[in-house]
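Chemist: Attaching a single structure in structure tokens format; questions to follow.
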Amino acid sequence: DAQRDAYARRGNAMRLHGVDAELLDRDGVRRIAPFLAFDDARFPIQGGLLQRRGGTARHDAVVWGYARAADRLGVDVIESCEAVGFLSENGRVTGVETTRGAIRAGKVGLAVAGSTSRVAALAGLRLPIESHVLQAFVTEAVKPVVPQVITFGAGHFYVSQSDKGGLVFGGDIDGYNSYAQRGNLPTVRDVCEGGMALMPTIGRLRILRHWGGVMDMTMDGSPVIDRTPVEGLFLNAGWCYGGFKATPASGSCFAHLLATGETHHAAAPYRLDRFAEGRVIDEKGTGAQPNLH
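Mapping of the sequence shown onto the working numbering: position 275 corresponds to residue 280, and the numbering continues sequentially without gaps.
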């Protein structure tokens, strides 16, 4: 009941902001996803929240698109080149030291996701960010069965189907700080239990592969888009595991900051000093943050 009430509040908020949302009863969910566990279920389904215009995007294709567009605009994309330190003069960052030599720059943007804390430490910065591992799983290919992304709050589980037919699913972060891009077995078990509780037929499929991605997570679940205490070094980080869908807005705000030295009005709340000053952001729609796990 509490989750259904929360979905109703979220749906109302979405509609007030011009985002389509439909609150479904049990029969409405069954019509859209009849393969879910409705009878003798561990967590009985009472309803759901539907956004018909919601969808997925292939993440690597998005990266290819940005890389090609950047290349056309004259941006140098250097692969297999690790940043190992920062160049500085009189307390100001003047470039990056890499495994392929030094790169001089008037300004340096730090946007390295899960490696944020580690790379920032090279500049002498300690950030209010934790790095956690989030696992994902892909099954063998089957015919189309899951028509959209399905999230299951009670079991902390989500599932969708890729264009190749495999079911892509996951759940909680592993719950401890790590930079390792692999997960632990207890989380594998918990995620699979959540999947079986929601969609028992998933138990008949073989898992082809699973991996862990490193998430940079702030304590309030909201990102940081700001200059750092080190002159010439700018930061875009702390997106937890919601950064992909924010890429266009995030990139636009960060580009504005780098080009002008001024914070974009849309990114004004996401200052780094909010943690030191106790002005953390209380935004209910942020999603995951470390202290929730």
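All C-beta atoms, glycine included, are put in the ideal place defined by N, C-alpha and C.
1. Whole angstroms are fine: how far does the CA of Arg284 sit from the CA of Ala88?
2. Helix or strand or just coil, what does DSSP make of Met222?
3. Considering only their Cβ atoms, is the gap separating Asp25 from Arg57 smaller than 8 Å?
4. Flag this pair as touching only if the region 208-227 and the region 132-140 have three or more C-beta atom pairs under 8 Å; answer yes or no.
5. For Gly70, count neighbouring C-beta atoms within 10 Å of its own C-beta (all shown protein chains included) and say buried if the count is 16 or more, exposed if not.
6. Let me know the alpha helix (DSSP H) ranges lying completely inside the region 47-113, each 4 residues or longer, listed in chain order.
7. Going by DSSP, which residues form a beta bridge with Val164?
8. Taking C-alpha atoms, which residue in Ala272, Gly237, Leu21 and Phe239 lies nearest to Pro253?
9. Taking Gly217 as the reference, give the member of Phe174, Gly266 and His261 with the closest Cα.
10. Can you confirm whether the region 25-37 touches the region 8-17 when touching is taken to mean that 3 or more C-beta pairs between the two stretches lie within less than 8 Å?
11. For Gly247, which option in Leu238, Val235 and Val229 has the closest C-alpha, if you only look at C-alpha atoms?
12. On the three-state DSSP scale, how would you describe Leu127?
13. Give me whichever residues DSSP pairs with Ser136 in a beta bridge.
14. Identify the residues that DSSP records as bridge partners of His215: which are they?
15. At the level of alpha carbons, what is the spacing between Ile178 and Thr192?
16. Can you tell me which of Leu115, Val150 and Val113 puts its alpha carbon nearest to the alpha carbon of Leu41?
17. What residues match up with Glu27 in a beta bridge as DSSP calls it?
18. Leaving out the 5 sequence neighbours to the left and right, which residues in its chain are closer than 7 Å to Pro39 when beta-carbon positions are compared?
19. Based on the DSSP secondary-structure assignment, which residues constitute the bridge partners of Ile324?
20. Just to confirm, are Gly53 and Val34 a CB contact at a threshold of 8 Å?
21. Evaluate Phe142 with the Cβ neighbour count: other Cβ atoms within 10 Å of its Cβ, from every protein chain shown; 16 or more gives buried, anything less gives exposed.
22. Go to Arg247, then tell me how far its alpha helix (DSSP H) extends in each direction, as first and last residue.
23. Mapping the DSSP letters down to three states, classify Gly180 as helix, strand or coil.
24. Quick check: what's the CA-CA separation for Leu21 versus Gly171?
25. Residues bridged to Ala236 by DSSP?
26. Can you give me the Cβ contacts of Glu198 inside the same chain, cut-off strictly under 8 Å, excluding the 5 residues immediately before and after it?
27. With a Cβ-Cβ cutoff of 8 Å, do Ala202 and Ala116 count as a contact?
28. Under the three-state reduction of DSSP, which class applies to Leu115: helix, strand or coil?
29. Could you check the C-alpha separation between Thr158 and Asp65 for me, to the nearest Å?
Modeler: In terms of the structure at hand:
1. Counting from 1 along the sequence shown, the entry for residue 88 is found at position 83. Counting from 1 along the sequence shown, the entry for residue 284 is found at position 279. Whole-angstrom Cα-Cα distance: 32 Å.
2. Taking the sequence shown and counting its residues from 1, one reaches residue 222 at position 217. Taken through DSSP and simplified to helix, strand or coil, Met222 comes out as strand.
3. Here residue 57 refers to the residue found at position 52 of the sequence shown. Here residue 25 refers to the residue found at position 20 of the sequence shown. Yes, these two residues count as a Cβ contact at 8 Å.
4. Short answer: they touch.
5. As a first step, residue 70 must be located in the sequence shown, where it is residue number 65. By the C-beta density criterion, Gly70 is exposed, having fewer than 16 other C-beta atoms within 10 angstroms.
6. Fully contained in the region 47-113 are the following alpha helix (DSSP H) runs of length 4 or more, in chain order: 64-77.
7. The residue given as residue 164 occupies position 159 in the sequence shown. The partner list for Val164 (beta bridge, DSSP) reads Ile155 and Phe174.
8. Here residue 253 refers to the residue found at position 248 when the sequence shown is read from its first residue. Measuring from the Cα of Pro253, the nearest candidate turns out to be Ala272.
9. Here residue 217 refers to the residue found at position 212 of the sequence shown. It is Phe174 whose Cα lies nearest to the Cα of Gly217.
10. The region 8-17 vs the region 25-37: in contact.
11. Counting from one through the sequence shown, the residue named residue 247 turns up at place 242. It is Val229 whose Cα lies nearest to the Cα of Gly247.
12. Here residue 127 refers to the residue found at position 122 of the sequence shown. The DSSP-derived three-state label of Leu127 is coil.
13. One-based indexing of the sequence shown puts residue 136 at position 131. Asp221, per the DSSP bridge assignment.
14. Translated into the one-based positions of the sequence shown, residue 215 becomes position 210. Paired residue(s): Phe142.
15. Within the sequence shown, numbered from 1, the residue matching residue 178 stands at position 173. Within the sequence shown, numbered from 1, the residue matching residue 192 stands at position 187. The straight-line gap from Cα to Cα measures roughly 8 Å.
16. Position 36 of the sequence shown, counted from the start, is the residue given in the question as residue 41. Of the candidates Leu115, Val150 and Val113, the one whose C-alpha sits nearest the C-alpha of Leu41 is Val150.
17. For the purposes of this step, residue 27 is identified with residue 22 of the sequence shown, where counting begins at 1. Its beta-bridge partners are Leu55.
18. Within the sequence shown, residue 39 is the residue found at index 34, counting from 1. There are no such residues.
19. Any question about residue 324 goes unanswered here, given that the chain covers just 6 to 298.
20. Mapped onto the sequence shown, residue 53 falls at position 48. Mapped onto the sequence shown, residue 34 falls at position 29. For the pair Gly53 and Val34, the CB atoms are nearer than the 8 Å cut-off.
21. For the purposes of this step, residue 142 is taken as residue 137 along the sequence shown, with counting starting at 1. Buried, since its Cβ has 16 or more Cβ neighbours within 10 Å.
22. The residue given as residue 247 occupies position 242 in the sequence shown. For the record, residue 247 in the displayed sequence is Gly; it is not Arg. It is not in any alpha helix (DSSP H) - Gly247 carries neither H nor E in the DSSP assignment.
23. On the sequence shown, residue 180 is found 175 positions in, with the first residue counted as 1. If DSSP states are grouped into helix, strand and coil, Gly180 belongs with the strands.
24. The sequence position of residue 21 within the sequence shown is 16, counting from 1. The sequence position of residue 171 within the sequence shown is 166, counting from 1. Those two C-alpha atoms are separated by around 36 Å.
25. Looking up residue 236 in the sequence shown gives position 231. Position check: residue 236 holds Glu in this sequence, whereas Ala was assumed. According to DSSP, Glu236 shares a beta bridge with Arg97.
26. Taking the sequence shown and counting its residues from 1, the one referred to as residue 198 is at position 193. Excluding positions up to five away in sequence, the list reads Gly160.
27. Here residue 202 corresponds to residue number 197 of the sequence shown, with the count starting at 1. Here residue 116 corresponds to residue number 111 of the sequence shown, with the count starting at 1. No, the Cβ-Cβ distance between Ala202 and Ala116 is not below 8 Å.
28. One-based indexing of the sequence shown puts residue 115 at position 110. Reduced to three states, the DSSP call for Leu115 is strand.
29. Here residue 158 refers to the residue found at position 153 of the sequence shown. Here residue 65 refers to the residue found at position 60 of the sequence shown. Reading off the sequence shown, one finds Gly at residue 158, where the question assumed Thr. Roughly 27 Å separates the two Cα atoms.
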